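Q: Sending over a structure as structure tokens; questions will come in a sec.
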Amino acid sequence: VFAHVVRAPEDPILGVTVAYNKDPSPIKLNLGVGAYRTEEGKPLVLNVVRKAEQILVNDSSRVKEYLPIVGLADFNKLSAKLIFGADSPAIQENRVTTVQCLSGTGSLRVGAEFLAKHYHQRTIYIPQPTWGNHPKIFAIGGLSVKTYSYYDPTTRGLNFQGLLDDLSSASSGAIVLLHACAHNPTGVDPTLEQWEQIRKLMRSRGLLPFFDSAYQGFASGSLDADAQSVRMFVADGGECLVAQSYAKNMGLYGERVGALSIVCKNADVASRVESQLKLVIRPMFSNPPIHGPSIVATILKDSNMYNEWTIELKAMADRIISMRHKLFEALRARGTPGDWSHIVKQIGMFTFTGLNSEQVVFMTKEYHIYMTSDGRISMAGLSTKTVPHLADAIHAAVTR
Ligand code: LMR
């Protein structure tokens, strides 16, 4: 009965890891998925995460019962505080509802389904380009996906005028996906002044912001600074949605820890919204897992552990920045044609190199370097030892 099923292609990002794993070459390098690696090229479990896990293991009162449909209450409160700020009026006025979801993806998906059911507009505008999973999540969640201009390949920066033009002509009331910081894949963010213009335009046109916050702490190294865009939209009293992920900033990738917050007009609306979010979650995954959010809550509620986390997070962000400088210098030393300054200007985990898909294929075939076909490289996967190999490959790809 399944003989007609056609083989689906591998995922454009996670499929890169599948191909990498099959390559027997000792010099292979995976710069596909955005996952942090140490200087030794190894995955990193933060010390503060290990500590939190130890506390959890030693607490014999802990059981493995189901969480409520909306997840761990402490985790939800602390997550809202982390993104909106401790003194957020929206939190104080109880007009934020936060539900624990399966990392960023699950949070976006639950948000999409809620919007498809309860919001008067089904169209969502996503930046062009954006994370490859965004259009799929929103389409399957019941929304109709359109794009707005974001990136200018000639400047390798923000196409701000194009963005404003597209949002000005977007259907009134439409949903707009915004990357809270460290835009994936481009590493290009609006300035605070530009954010303010985006906010004014969106509010004047009744466009509903849906933030994806997957990299809080990775853009500037400061958790508060990286939440500025979101906080601007909350400060004006309007509604918004925020999907948060702890995959990158706490290194909890496989634990699938995230949260969806919906900022409403008042506490009564927020509690009704929460009741409907439960109806989305229950048939989707019933209730979320307990281990990951317990780690996060343990860290966020203890000021010493919180500080330790910020230091470890900053160290990850700084190592990525140092990789940017090393790669830039290595290309300069090789006299590689082109202006590579975007490598140091772009922020977050990725560099959007400008390499085309043929050059990517060449680098994979000849140098065993794996990256997404749009030329995005995960700087977090690079180390001092592997920079020369990557620089050689880029040089060969652009001079062949
Ligand atoms: C990425 O863009 O590499 C990450 O967000 C991981 C993923 O799930 O695609």
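To convert, take the position in the sequence shown, counting from 1, and add 54; that gives full-length UniProt numbering. Cβ atoms here follow ideal geometry from the backbone N, Cα and C, with glycine treated the same way. Computed from a predicted structure; not experimentally measured.
1) Expressed to the nearest angstrom, what Euclidean distance is found between the alpha-carbon atoms of R373 and T201?
2) Do L100 and E366 have their CB atoms nearer than 8 Å?
3) Less than 8 Å between the CB atoms is what I'm expecting for L68 and H422, so what's the real figure, rounded?
4) From Y74, D77, K368, H233, pick the residue whose C-alpha is nearest to that of G275; which is it?
5) Give the range of the beta strand (DSSP E) segment to which residue 35 is assigned.
6) For V150, which beta-bridge partners are listed by DSSP?
7) Curious, which full-length alpha helix (DSSP H) runs of at least 4 residues does the segment 312 to 370 contain?
8) Does the ligand LMR have even one heavy atom less than 7 Å from the beta-carbon of T88?
9) Considering only C-alpha positions, which residue in the set S283, L333, K419 is nearest to H172?
10) Under the rule that 16 or more other beta-carbon atoms within 10 Å means buried, what is I353, buried or exposed?
11) For a test of your reading of the model: does the CB of W185 fall under 7 Å from any non-hydrogen atom of the ligand LMR? Yes or no.
12) What three-state label does DSSP hand D280 in the structure shown?
13) Which residue or residues does DSSP assign as beta-bridge partners of F264?
14) Taking the alpha-carbon positions, what's the D113 to E362 distance?
15) Hey, how far is the Cα of H233 from the Cα of H58?
16) Any heavy atom of the ligand LMR closer than 7 Å to the CB of N238?
17) State buried or exposed for M370, treating a residue as buried only when at least 16 other CB atoms are found within 10 Å of its CB.
18) What is the rounded straight-line gap between the Cα of F406 and the Cα of A73?
19) Tell me which same chain residues have a C-beta within less than 7 Å of the C-beta of S157, skipping the five on either side of it?
20) What are the start and end residues of the beta strand (DSSP E) that includes Q413?
A: Working from what's here:
1) 33 Å
2) yes
3) In fact, because the Cβ distance is near 18 Å, the residues do not count as touching under 8 Å.
4) K368
5) As shown, the chain starts at 55 and ends at 454. That puts residue 35 outside it, with no answer to give.
6) V317
7) 321 to 339, 345 to 354
8) A quick correction: the sequence has Gly, not Thr, at residue 88. G88 Cβ: within cutoff of the ligand LMR.
9) L333
10) buried
11) yes
12) helix
13) L231, L295
14) 21 Å
15) 39 Å
16) yes
17) buried
18) 21 Å
19) S299, A301, R310, V311, G312
20) Where Q413 is concerned, there is no enclosing beta strand (DSSP E), although the alpha helix (DSSP H) it sits in stretches over 411 to 421.
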